[in-house]
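K.L.:
Here's a structure for you.
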Ligand code: SF4
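Residue numbers (my numbering): 2 to 81.
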């Protein structure tokens with residue numbers, strides 16, 4: 002009998018409505034600044050609207066969510 006190893010639990014991607022969920026905290030100001038700094042120097046960042054053309058998100062909001070991550074790996078999710 003072959004025992005299948007359970008797959009690791011994958012983090013759910015951040016969704017816009019996560020901003021309204023009171024159970025989801027926010028990252029520290031330092032983490033948010035670091036993330037925004039990466040976005041502001043990224044080729045996929047639209048300066049006028051401050052959103053990302055890869056994920057379509059508004060980065061001033063998305064960078065505050067702990068489980069959010071950059072779609073091209075420039076910054077990662079953090080623990081709350
Ligand atoms: S989320 Fe990633 S790809 Fe999008 S603007 Fe920020 S650094 Fe660039």
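Cβ atoms here follow ideal geometry from the backbone N, Cα and C, with glycine treated the same way. Since the model is a prediction, treat every value here as computed from it, not as a measurement.
Determine contact between the region 56 to 70 and the region 22 to 36, defined as no fewer than three beta-carbon pairs at a distance below 8 Å.
P.N.:
Verdict: yes, contact present.
K.L.:
Out of 79, 60 and 28, which has the shortest C-alpha to C-alpha gap to residue 43?
P.N.:
Ranking the options by Cα distance to residue 43, first place goes to 60.
K.L.:
Cβ of residue 15 versus every heavy atom of the ligand SF4: is any distance shorter than 7 Å?
P.N.:
Result no, Cβ not under 7 Å from the ligand SF4.
K.L.:
Checking the sheet assignment: what are the DSSP bridge partners for residue 47?
P.N.:
BP columns for residue 47 point to 52.
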